[in-house]
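Asks:
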Amino acid sequence: MSDMRVAVLITHVRPEEKLLFAAFAARGITPDVIADGDLNIDLTAGPEQLAPSRIPWQAYDLIFERSVSTSRGLYALAIFESWGLNVINRYVTAAVCADKLQTTLALTRAGVPQPTARVAFDTDRALDALADLSYPAVLKPVTGSWGRLLARVDNRTAAEAILEHRQTLGNYTHHVYYAQAFVDKPGRDIRAFVVGERTICAIYRHSQHWITNTARGGQATNCPVTPELDALCRTAANAVGGGILAIDVLEHPEHGLLVNEINHTMEFRNSSVPTGVDIAAEVVDYTLRTVESSGVVA
Amino acid sequence: MNTCSCPECAAELTLPDNAMEHEIIPCQDCGTELEIVSLSPARVELAPEIEEDWGE
Chain A
82 MSDMRVAVLI THVRPEEKLL FAAFAARGIT PDVIADGDLN IDLTAGPEQL
132 APSRIPWQAY DLIFERSVST SRGLYALAIF ESWGLNVINR YVTAAVCADK
182 LQTTLALTRA GVPQPTARVA FDTDRALDAL ADLSYPAVLK PVTGSWGRLL
232 ARVDNRTAAE AILEHRQTLG NYTHHVYYAQ AFVDKPGRDI RAFVVGERTI
282 CAIYRHSQHW ITNTARGGQA TNCPVTPELD ALCRTAANAV GGGILAIDVL
332 EHPEHGLLVN EINHTMEFRN SSVPTGVDIA AEVVDYTLRT VESSGVVA
Chain B
486 MNTCSCPECA AELTLPDNAM EHEIIPCQDC GTELEIVSLS PARVELAPEI
536 EEDWGE
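Sequences listed follow chains A and B, in order. So in our numbering, the last spot in the first sequence is 379, and the numbers never skip. So in our numbering, the last spot in the second sequence is 541, and the numbers never skip.
This is how it looks when you write it as structure tokens:
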């Protein structure tokens, strides 16, 4: 096993990456850490070219994409997969999860319960979409994370202001008006961690604010993985292509559990202690099983 | 002991034993977020601003 050659692609090293490196080390593997900012790739050549580590890309048994930069991570995955290299997560999974509209479509195709969502490309039609959802509703950028630029829209007056700001100040991606029905959460939501075919653990994220991301101050406690939650999360993970995923789930007072978003380079620094699950170890074991099952060890 | 100075406030920084290149750390004096760009010799720069596509 220790002969396995692993590269971890990063933008910078977060606490999660340090936990992952420690888990790899415990299994006799020292991954090469490759900063996405150091990449300089000949797109007309193949995996025989050298990585910034001065090793040919094709020598890696696995490239584990952990970039904070979504655009860099996506393009890197596209390149490595086009070369036939083993990557985690797969490009298709990352591309769907990186785009909230694409995630909604994938969940819809799979019949996964989720908040009603609409899209419009013109501000007047966006006002119609918000009215169709009824106020309050939530406007989200289709890309982005950590709860950034989410807007709870309580009425038409607020909607007009937000839409005008986005139309005037935003780039073209902010002119895609993706809106979700607001779910009146019980002061918390659920983040479940799916690794391969298992929901390994979950946390409640408590906050008095309607945005419960731990990046925005939400507090984590253990959430039991019930058979219902497990089935929902595994179905949602498969709907977006599977892999190592964090599933955000809302508890609707009438409709039960709804999948809100799915993250493909999940953060878990605050989640191992409350759940008692060594998430980094679970993730690393899955990556190694994936390489072994592929039968491709350079 | 691996030390360098904060580019924001010039305080002397002591890097943790398990520090890694590309790790983000706060200055122990002024709290500014810094990126470790080299371990030998120790060197840090101001951490990059969060970009719109950053996240998980």
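We put the beta carbon where it would ideally sit given N, CA and C, even for glycine.
Could I get the ranges of all uninterrupted alpha helix (DSSP H) runs contained in the stretch 165-210 of chain A, with 4 residues as the minimum, in chain order?
Replies: Entirely contained in the stretch 165-210 of chain A, the alpha helix (DSSP H) runs reaching 4 residues are, in chain order, 172-178, 181-190.
Asks: Hey, could you find the ends of the beta strand (DSSP E) residue 535 of chain B is sitting in?
Replies: Taking the second sequence and counting its residues from 1, one reaches residue 535 of chain B at position 50. Where residue 535 of chain B is concerned, there is no enclosing beta strand (DSSP E), given that its DSSP letter is neither H nor E.
Asks: Going by beta carbon distance, what residues of the same chain come within less than 8 angstroms of residue 213 of chain A, once the five residues before and after it are set aside?
Replies: Reading the first sequence from its first residue, position 132 is the one you call residue 213 of chain A. In chain order, 199 place their CB closer than 8 angstroms to the CB of residue 213 of chain A, counting only its own chain and leaving out the 5 sequence neighbours on each side.
Asks: Counting only beta-carbon separations shorter than 7 angstroms, does residue 541 of chain B have a partner in chain A?
Replies: Position 56 of the second sequence, counted from the start, is the residue given in the question as residue 541 of chain B. Cβ-Cβ to chain A under 7 angstroms: yes for residue 541 of chain B.
Asks: If you draw a straight line from the C-alpha of residue 291 of chain A to the C-alpha of residue 129 of chain A, how long is it?
Replies: The sequence position of residue 291 of chain A within the first sequence is 210, counting from 1. The sequence position of residue 129 of chain A within the first sequence is 48, counting from 1. Their backbone Cα atoms lie some 49 angstroms apart in a straight line.
Asks: So, for residue 508 of chain B: in the same chain, excluding its five sequence neighbours on each side, which residues have a beta-carbon less than 8 angstroms away from its beta-carbon?
Replies: Counted from its first residue, the second sequence places residue 508 of chain B at position 23. Once the five neighbours on either side are set aside, the close Cβ partners of residue 508 of chain B are 520, 521.
Asks: Determine the contact status of residue 242 of chain A and residue 210 of chain A, defining contact as a CB-CB distance below 7 angstroms.
Replies: Locating residue 242 of chain A in the first sequence gives position 161, counting from the first residue. Locating residue 210 of chain A in the first sequence gives position 129, counting from the first residue. For residue 242 of chain A and residue 210 of chain A, no; Cβs fall outside 7 angstroms.
Asks: Return the Cβ separation of residue 328 of chain A and residue 314 of chain A in integer angstroms, given the expectation that the two are a contact with Cβ distance under 8 angstroms.
Replies: Here residue 328 of chain A corresponds to residue number 247 of the first sequence, with the count starting at 1. Here residue 314 of chain A corresponds to residue number 233 of the first sequence, with the count starting at 1. About 5 angstroms separates the two Cβ atoms, so the contact holds.
Asks: Pull up the CB-CB distance for residue 115 of chain A and residue 85 of chain A, whole angstroms please, since I reckon it's below 8 angstroms.
Replies: Position 34 of the first sequence holds residue 115 of chain A. Position 4 of the first sequence holds residue 85 of chain A. Rounded, the Cβ-Cβ distance is 16 angstroms, inconsistent with contact.
Asks: In angstroms, rounded to a whole number, what distance separates the CA positions of residue 143 of chain A and residue 342 of chain A?
Replies: The sequence position of residue 143 of chain A within the first sequence is 62, counting from 1. The sequence position of residue 342 of chain A within the first sequence is 261, counting from 1. Roughly 27 angstroms between the two C-alpha positions.
Asks: May I ask you to list the residues that DSSP assigns as paired with residue 344 of chain A?
Replies: For the purposes of this step, residue 344 of chain A is taken as residue 263 along the first sequence, with counting starting at 1. Its beta-bridge partners are A:327.
Asks: Out of curiosity, what's the CA-to-CA distance linking residue 204 of chain A and residue 90 of chain A?
Replies: On the first sequence, residue 204 of chain A is found 123 positions in, with the first residue counted as 1. On the first sequence, residue 90 of chain A is found 9 positions in, with the first residue counted as 1. Cα to Cα, residue 204 of chain A sits roughly 38 angstroms from residue 90 of chain A.
Asks: Quick one: what does DSSP say residue 544 of chain B is sitting in, helix, strand or coil?
Replies: Residue 544 of chain B lies beyond the range of chain B shown here (486 to 541); nothing can be said about it.
Asks: Measuring CA to CA, which of A:120, A:237, A:170 is closest to residue 367 of chain A?
Replies: Mapped onto the first sequence, residue 367 of chain A falls at position 286. Check the Cα spacing between residue 367 of chain A and each of A:120, A:237, A:170: the tightest is with A:170.
Asks: Using 8 angstroms for Cβ pairs, my map puts residue 148 of chain A next to residue 346 of chain A. What's the rounded Cβ distance?
Replies: Reading the first sequence from its first residue, position 67 is the one you call residue 148 of chain A. Reading the first sequence from its first residue, position 265 is the one you call residue 346 of chain A. Rounded, the Cβ-Cβ distance is 7 angstroms, consistent with contact.
Asks: Would residue 286 of chain A and residue 298 of chain A qualify as a contact pair, given that the criterion is a beta-carbon distance under 7 angstroms?
Replies: In the first sequence, residue 286 of chain A corresponds to position 205, counting from 1. In the first sequence, residue 298 of chain A corresponds to position 217, counting from 1. When the beta-carbon positions are compared, residue 286 of chain A and residue 298 of chain A stay at least 7 angstroms from each other.
Asks: Helix, strand or coil: how does DSSP classify residue 161 of chain A here?
Replies: Here the question's residue 161 of chain A lines up with position 80 in the first sequence. Here residue 161 of chain A sits in helix by DSSP.
Asks: Measuring only the C-alpha atoms, how far is residue 529 of chain B from residue 133 of chain A?
Replies: Walking along the second sequence from the start, residue 529 of chain B turns up at place 44. Walking along the first sequence from the start, residue 133 of chain A turns up at place 52. Roughly 20 angstroms separates the two Cα atoms.
Asks: Let me check understanding here. Comparing Cα to Cα, which of A:181, A:182, A:161 lies closest to residue 172 of chain A?
Replies: For this step, residue 172 of chain A is matched to residue 91 along the first sequence. Ranking the options by Cα distance to residue 172 of chain A, first place goes to A:161.
Asks: Of the residues A:348, A:103, A:122, which one's Cα is nearest the Cα of residue 422 of chain A?
Replies: Past the boundaries of the shown model lies residue 422 of chain A; chain A is included only from 82 to 379, so the question cannot be answered.
Asks: If contact means a Cβ-Cβ distance below 7 angstroms, which residues of the stretch 328-351 of chain A contact chain B?
Replies: Taking 7 angstroms as the Cβ-Cβ cut-off against chain B, the residues of the stretch 328-351 of chain A that qualify are 344, 346, 347, 348.
Asks: Tell me which residues share the same chain as residue 230 of chain A and place their Cβ nearer than 6 angstroms to its Cβ, disregarding the 5 neighbours each side in the sequence.
Replies: As a first step, residue 230 of chain A must be located in the first sequence, where it is residue number 149. These residues qualify, in order along the chain: 222.
Asks: Using only the alpha-carbon positions, how far apart do residue 180 of chain A and residue 166 of chain A sit?
Replies: Stepping through the first sequence from its first residue, residue 180 of chain A is reached at position 99. Stepping through the first sequence from its first residue, residue 166 of chain A is reached at position 85. Rounded to the nearest angstrom, the two C-alpha atoms are 24 angstroms apart.
Asks: Counting along the chain, where does the beta strand (DSSP E) carrying residue 303 of chain A start and finish?
Replies: To locate residue 303 of chain A, count along the first sequence from 1; it is residue 222. Per DSSP, residue 303 of chain A belongs to the beta strand (DSSP E) from 300-303.
Asks: Would you say residue 505 of chain B reaches chain A, if we count a Cβ-Cβ gap shorter than 7 angstroms as a contact?
Replies: Along the second sequence, one-based indexing puts residue 505 of chain B at 20. It does; some Cβ of chain A falls within 7 angstroms.
Asks: Step through the CB atoms of chain B and report whether any lies within less than 7 angstroms of the CB of residue 275 of chain A.
Replies: Reading the first sequence from its first residue, position 194 is the one you call residue 275 of chain A. Not closer than 7 angstroms to any Cβ of chain B, the Cβ of residue 275 of chain A fails to qualify, so no.
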